[in-house]
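Enquirer: One structure follows; several queries about it will come next.
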Amino acid sequence: MHEGRQVTSDNFNDMQPSSAEFDRMQQDILETLSASDRKDGERLRRHLQFFFMDPITKWKMRHQFPFKLVLQIFKIVFISVQLMLFAELRMLHVDFMDETHAVIRHKFLKNWNNERDTLIYPPSSGRYSVYTGTDIVNQFAFMVVAYYSIREDSFASFSYDTLRNQDIDTSVQVDNPKFVDDISIDDIPPMQFCLKKIANVTVFNNTYEFDVSEVNDCVLLKFNKNEVEEIRRNASLLRKFLEERKITFKPEDALIISKGVLSFNLRTIHFSTISTDERPECFLIQVSIIFDNSRHTGQVYISLSTVISYVTLCNGRVVHGGGVLTVSIAIFIIDVLVLLMCIASLVLCCRALLRAHLLKLATVKFVRNVLQRELVLSDKLEFLNFWYVMIVTNDICIICGTLCKITIEFRDFDNDLFTTSGVLLGTGALLVYVGVLRYFCFFSKYNILILTVKKSLPNILRFMSCAAVLYAGFLIAGWVIIGPYSLKFRTLGKSSEALFSLINGDDMFATFFTINDSNTIINIVGTAYIYVFVSLFIYVVLSLFIAIIMDAYEVIRDRYRDQESEEKSLLQLLCAGNSCNLTNAEERRLEYSSGNLLKLDCCDSFRRLIGRFRNCFGIVQQEPPYNSFENSNEFTNDHVVIT
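Under UniProt numbering, residue 643 is the last one in the sequence shown; the count climbs by one each step, no gaps.
Shown next, in the form of structure tokens:
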């Protein structure tokens with residue numbers, strides 16, 4: 001950004017032309033002008049010099065307090081504290097959902113073990129599945145028994161999705177362990193089983209005839225106490241009970257049934273003494289168990305999914321004392337402070353961007369009308385402070401994320417809200433910390449990273465565009481060739497992840513090993529494909545990528561070492577002058593006082609922006625009733641007034 005032009009390295013001042021040379025170059029520009037134009041040019045020069053100063057120099061010149069700098073420092077501190085507290089809350093919430101999901105799997109999936117709960121790559125076991133109709137019935141019976149005994153057999157506060165009349169007038173309610181047996185089996189809500197199948201399959205003269213019209217049948221499964229006890233003693237009896245409800249798993253149904261979904265709801269409590277917020281919370285668990293026979297291969301995949309959502313009403317009652325916790329009050333105060341600081345930062349940065357835009361218009365107008373020249377695009381972009389744009393972006397992210405977080409603090413534990421808050425606050429915090437690099441540019445020994453990235457970025461983007469085309473070709477080829485025979489290339493997304501890991505040298509042997517060797521041609525071609533990709537991208541592409549960055553670094557280093565100077569642009573010539581070298585502090589302060597700078601009319605510019613908005617959308621403004629008394633000479637079209 002423009003502020004980085006003033007202080008870039010130890011040798012920056014040495015590589016620049018002297019102030020006398022700058023004065024001479026500027027006089028070459030202004031000497032042919034009239035006295036009034038030269039006066040306007042001097043005022044514009046002082047304003048440009050002051051505009052491109054960093055906060056430290058502005059303080060030295062005019063004792064202007066760096067409000068935005070101090071505000072950003074306080075904002076970083078409070079945002080860091082806010083994120084640490086939010087991370088703890090979110091970790092506990094996600095851990096609760098993951099652990100609840102694991103308990104549900106162990107409770108309703110037969111022979112589920114701890115190895116399946118652990119993320120291992122490659123997985124130590126195949127997908128959870130059954131292979132016969134008897135296995136399906138046994139699994140179904142296990143789920144039915146588990147559902148009807150969830151309160152007695154679980155060491156957790158699970159209850160059914162029912163509400164008793166005497167509990168409806170309470171604000172926060174949960175299950176009371178004393179009343180485990182006070183609900184009869186007839187009051188337990190039924191499970192729902194839905195079958196997705198085709199209309200019919202018939203065999204005639206050794207020929208299969210398919211009616212592939214899709215049929216969805218749903219049945220409410222409600223068993224009485226005797227049926228549950230019989231199923232508990234003998235799982236095969238469930239087949240008879242299902243047939244009474246027109247559900248069968250016979251061999252002839254293998255080609256008809258595509259998918260079966262068993263769904264039911266439970267309720268539970270989340271209460272943790274290790275959390276900063278120890279208040280109990282009620283949650284609704286929507287459980288879906290899927291029997292997937294869509295491939296019709298004889299292997300029926302079984303998967304369990306849960307959707308956990310916050311509710312305000314459970315069965316029973318919980319009493320907690322103490323009122324509002326002190327920690328909750330402190331968290332709320334921090335959220336409010338972060339919100340106020342981000343709003344203030346947003347207003348200040350937007351104001352600075354607007355004033356920079358007005359100064360650019362004034363400069364363009366002066367150069368065009370007085371000097372009869374045009375500013376190039378690179379000079380115009382110098383007025384756009386991309387650091388401020390990034391600060392505005394992170395302020396918007398943090399404001400929205402903080403509002404979502406405050407909503408969560410008021411017990412709205414929506415999973416999507418948690419996710420949205422995490423993404424917004426995390427993105428905002430990243431941009432805040434990246435924005436700290438801006439202030440390192442004010443010190444010559446710490447800005448080499450910014451200068452190198454800025455110098456090499458155009459070449460990096462051009463190089464990456466070519467490398468991306470090459471990468472896309474290898475990606476498509478790997479997915480098509482190796483995908484059916486390797487777990488790592490099963491989908492296009494997994495293929496990209498595998499190739500990116502190979503570029504970084506990760507898991508190379510496992511990639512070779514996971515290619516199925518049942519097809520000799522695929523094994524040979526796949527091995528050659530990996531060799532070529534690794535050799536090309538690691539030894540060629542990455543080496544060239546590093547070389548581009550090193551070349552930019554060496555150019556910057558040599559420029560400062562040899563005191564080379566680039567050709568000065570018109571904007572830099574306009575900024576040239578010896579005002580910054582005044583030794584008397586009072587003279588410097590007077591030179592850069594607001595009275596000696598341009599007066600940028602932000603209000604008039606804002607009115608013009610509203611006028612353009614009205615014109616774009618066809619909004620007609622009503623004329624004032626006595627417009628004939630208006631003096632048109634009192635209005636000016638110039639939004640920059642030079643005094």
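All C-beta atoms in this analysis are idealised placements derived from N, C-alpha and C, irrespective of residue type, glycine included.
Remember, it's a predicted structure, so these values are computed and weren't measured experimentally.
What's the call for C218, buried or exposed, on a 16-neighbour Cβ count within 10 Å?
Expert: Exposed, by the Cβ-count rule.
Enquirer: Taking 8 Å as the limit between beta carbons, can you name the residues of its chain near V201, skipping five residues before and five after?
Expert: If we look at V201 and ignore the five residues flanking it on each side, its Cβ neighbours are Y208, E209, F210, D211, E252, L255, I256.
Enquirer: From this set, Q299, G133, P189, which residue's C-alpha is nearest D264's C-alpha?
Expert: It should be pointed out that residue 264 corresponds to Phe in this sequence rather than to Asp. Closest by alpha carbon: P189.
Enquirer: Could you tell me the distance, in whole angstroms, from the CA atom of K454 to the CA atom of Y531?
Expert: Each residue's alpha carbon lies about 35 Å from the other.
Enquirer: Applying the 10 Å Cβ sphere with the 16-neighbour rule, what's the burial state of Y446?
Expert: Answer is exposed; the Cβ neighbour count stays below 16.
Enquirer: Hey, could you find the ends of the beta strand (DSSP E) F283 is sitting in?
Expert: Start and end: 281-292.
Enquirer: On the three-pair Cβ rule with 8 Å, is the segment 427-437 touching the segment 112-130?
Expert: Counting Cβ pairs under 8 Å, fewer than three are found: no touch.
Enquirer: Using only the alpha-carbon positions, how far apart do R438 and V287 sit?
Expert: Each residue's Cα considered, the two are about 50 Å apart.
Enquirer: Excluding sequence positions up to five away, which residues of its chain have a Cβ less than 6 Å from the Cβ of L492?
Expert: Excluding positions up to five away in sequence, the list reads W479.
Enquirer: Please classify E152 as buried or exposed, where buried requires at least 16 other C-beta atoms within 10 Å of its C-beta.
Expert: Burial call: exposed.
Enquirer: Please classify T419: does DSSP put it in a helix, a strand, or coil?
Expert: Here T419 sits in helix by DSSP.
Enquirer: Assign C349 to buried or exposed, taking buried as 16 or more other Cβ atoms, counted over all protein chains shown, within 10 Å of its Cβ.
Expert: By the 10 Å Cβ count, C349 comes out buried.
Enquirer: Is the beta carbon of L238 sitting closer than 8 Å to the one on M191?
Expert: No, Cβ-Cβ distance for L238 and M191 is not below 8 Å.
Enquirer: Could you check which residue in L502, I450, K39, A87 has the C-alpha nearest to that of S535?
Expert: Nearest C-alpha to S535: L502.
Enquirer: Quick check for students: name the residue ranges of the beta strand (DSSP E) that lie wholly in the UniProt domain "Polycystin cation channel PKD1/PKD2" (421-555), counting only runs of 3 or more.
Expert: As far as the UniProt domain "Polycystin cation channel PKD1/PKD2" (421-555) is concerned, it has no whole beta strand (DSSP E) run of at least 3 residues.
Enquirer: From the DSSP output, which residues share a beta bridge with S129?
Expert: S129 is bridged to Y301.
Enquirer: Roughly how many angstroms lie between the CA atoms of F249 and I333, to the nearest whole one?
Expert: For F249 and I333, the distance between alpha carbons rounds to 60 Å.
Enquirer: Considering only residues of the segment 41-121, which uninterrupted alpha helix (DSSP H) runs meet the minimum length of 4 residues and lie entirely inside it, listed in chain order?
Expert: The qualifying runs are 55-62, 67-108, 114-117.
Enquirer: On the criterion of 16 or more Cβ atoms from any shown chain inside 10 Å, does D395 qualify as buried, or is it exposed?
Expert: Looking at its Cβ environment, which holds 16 or more other Cβ atoms inside 10 Å, D395 is buried.
Enquirer: Looking only at its chain, what residues have a beta carbon closer than 6 Å to the beta carbon of K225, apart from the 5 residues adjacent to it on each side?
Expert: Only I185 meet the Cβ criterion.
Enquirer: Cα separation between H270 and Y310?
Expert: Spanning the two alpha carbons is a distance of roughly 10 Å.
Enquirer: Since E209 sits in a beta bridge, which residues does DSSP pair it with?
Expert: E209 pairs with T202.
Enquirer: Spell out the partners DSSP gives K310 in its beta bridges.
Expert: The sequence shown places Tyr at residue 310, not Lys. For Y310, which the question treats as bridged, DSSP gives the partners F283.
Enquirer: With DSSP as the reference, identify every bridge partner of N216, one or two as the case may be.
Expert: Answer by DSSP bridge pairing, in chain order: K196.
Enquirer: Mapping the DSSP letters down to three states, classify L600 as helix, strand or coil.
Expert: The answer is strand: DSSP assigns L600 an E or B state.
Enquirer: Considering only residues of the same chain and omitting the five flanking positions on each side of Y553, which have a CB-CB separation below 6 Å?
Expert: Around Y553: T452.
Enquirer: Kindly confirm or deny that the segment 396-409 and the segment 337-344 touch, where touching means at least three C-beta pairs closer than 8 Å.
Expert: Yes, they touch.
Enquirer: Alpha carbons only, please: which of F52, Y148, N523, F140 is nearest the one belonging to V261?
Expert: Checked all of F52, Y148, N523, F140; the closest Cα to V261 is F140.
Enquirer: Alpha carbons only, please: which of C575, D507, I460 is nearest the one belonging to L544?
Expert: Closest option to L544, Cα to Cα, is I460.
Enquirer: If you scan the segment 359-397 from start to end, which runs of the alpha helix (DSSP H) of 4 or more residues do you find wholly inside it?
Expert: Runs found: 377-381.
Enquirer: What first and last residue would you give for the alpha helix (DSSP H) that runs through R232?
Expert: Segment 225-233, the alpha helix (DSSP H) holding R232.
Enquirer: As a quick exercise: from I73, I331, D40, pick the residue whose alpha carbon is nearest that of I406.
Expert: Considering only alpha carbons, the answer is I331.
Enquirer: Going by C-alpha distance, which of V347, V370, F383 is nearest L359?
Expert: Comparing Cα positions, the closest option is F383.
Enquirer: Count the other CB atoms within 10 Å of the CB of I521; is the residue buried (16 or more) or exposed (fewer)?
Expert: Result: exposed.
Enquirer: With distances taken between CB atoms, is the gap from G425 to L83 smaller than 8 Å?
Expert: It should be pointed out that residue 425 corresponds to Leu in this sequence rather than to Gly. Yes; because the gap between Cβ atoms is below 8 Å, this pair is in contact.
Enquirer: So, under 8 Å CB-CB, G526 and I481 are touching, yes? Tell me the CB distance rounded to an integer number of Å.
Expert: That belief holds up - the Cβ atoms of G526 and I481 are roughly 6 Å apart, short of 8 Å.
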